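Single-structure report; data block below.
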Amino acid sequence: MHPHPSISHPFLAKRDRERRLALAEINLALLAQQNAEILEELRALRREVAELKEQSDRTLDFERRNDPRRPTSLTQR
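Residues in the sequence shown are numbered consecutively from 221, following the numbering used here.
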């Protein structure tokens, strides 16, 4: 006899298996949806990091070119 009395009958055991499978499918669908959302957020963050890096590189280049301590001969390239 099954530890859970309602599952001792073959029909109830089959129905319980089907219910568990349905719940597993729902859980997998939810995980897949959450995974897709996380991946999209990660892509957006990577784009933002790339934009910030590009902006930072431009700022650093500008500061280097306009640094008063820099020899004049290097700025005339």
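Yeah, the Cβ is synthetic: ideal placement off N, Cα and C, and Gly gets one too.
Just so we're clear, the structure is a prediction, and the values are computed from it rather than from any experiment.
Length of the line joining the Cα atoms of residue i and residue j
i	j	result
L265	R284	28 Å
L232	I246	21 Å
F282	L251	46 Å
V269	Q254	22 Å
N286	R278	12 Å
L248	K234	21 Å
A242	L272	45 Å
DSSP state of residue i mapped onto helix, strand, coil
i	result
N255	helix
R290	coil
S276	helix
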